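For the sequence shown, my numbering puts the final residue at 261, and the numbers step up evenly by one.
Glycine included, every Cβ here is placed at the ideal spot set by N, Cα and C.
All of these numbers come straight from a predicted model, not from anything done at the bench.
Have a look at the structure below, then the notes.
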Amino acid sequence: MLELIDDALETFLRAEVPLSSTEIDVSFDPPDREWSARLVRPTVNAFLWDLRRSASRSQSGLRTVEHNGVIVHQPAFPVIELRYVLTAWASDKGDERDLLSGLLRIILQHAALPRRYLSNELDQLEQPSLLIARAGEDHMDVFKALEGQIKPGINMSISTEFDTGVHFPAGPPITSIESAVGQLGETVSRRRRVAGEVVGASAAAAIGVVVRSTTDATLVNDAGRFLLRAAPGDEITLDTTPPLVATVLDTGGVRFEL
């Protein structure tokens, strides 16, 4: 997951600043003295120095998705803040300033990593956001991290959903809701709310048509569906011309075809 964000960040910076792959390197290594001594050409370093769960974009609840052809329930993805410090490295300080200026301009122009720079593995996630750290917020002590080397850096964060891989199979869809009213000690007569639908080439003609059972009545909605109280064995009638009749089974809903 982290390497996918790194790849997206590099692709974004190379395309938008731009950073030529034949002239400028992009590195995610710790920018210490040993690393900097090995540089042979201008380099942009994007060092990931901190990860924490987002307090402002926390989510809860379940979503229903398809996973490997199976419908599953999936907890909302946690949102993680990835904190980077961006530094520019070149033998000429003017070139460093130009690189840093280009990085700053592009990051300020974008509130999120554009979808076109994300890999297919990130399609199910919300678009990762971009933000430069403000004065007074936590930030990396660049001079200390670079072993005393004097180097300006851009502290920025990428907030992204993190796929934990947690999911569990979803149950079958609800086709009826059963309820019962009675007094203690009495035999309770049970009726349930039965779901139904109208399908077929002329199904649109049933929208707004009355559908009724022996104890309830309703209208077919714009999606061709309805819900009403009925018991097993009851007849449900769709008031078309001619009327259509279906019998409520012990389980499941009913379907009319036009």
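**OP:** Please work out which residues of its chain come closer than 7 Å, Cβ to Cβ, to residue 170, disregarding the five sequence neighbours upstream and downstream, and give them in chain order.
**Re:** 70, 75, 76 and 77
**OP:** Put residue 112 into one of helix, strand or coil per three-state DSSP.
**Re:** helix
Subject >> Within 9 Å, strictly: CB atoms of residue 50 and residue 31 >> reply: yes
Original post:
Which full runs of the beta strand (DSSP E) of 3+ residues lie inside the region 233-257, going along the chain?
Top reply: 238-241 and 247-250
Original post:
For residue 53, which of 24, 21 and 86 has the nearest alpha-carbon?
Top reply: 86
**OP:** Let me know if residue 246 comes out buried or exposed under the rule of 16 or more other beta-carbons within 10 Å of its beta-carbon.
**Re:** exposed
Subject >> Length of the line joining the Cα atoms of residue 121 and residue 14 >> reply: 9 Å
Subject >> Residue-chain proximity (residue 240, chain B), Cβ-Cβ < 9 Å >> reply: Going by chain labels, chain B is absent from the structure shown, which holds only one protein chain.
Original post:
I think residue 281 touches residue 163, with their Cβ atoms under 8 Å apart; what is that distance to the nearest whole Å?
Top reply: Past the edges of the chain, shown from 4 to 261, lies residue 281, and the structure says nothing about it.
Original post:
Ends of the alpha helix (DSSP H) at residue 36?
Top reply: 36-40
**OP:** Pull up the DSSP beta-bridge partners for residue 159, would you.
**Re:** 87 and 135
**OP:** Name the two residues that bound the continuous alpha helix (DSSP H) containing residue 69.
**Re:** Element bounds for residue 69: not the alpha helix (DSSP H) but the beta strand (DSSP E), 65-70.
**OP:** Pick helix, strand or coil for residue 80, following the three-state DSSP scheme.
**Re:** coil
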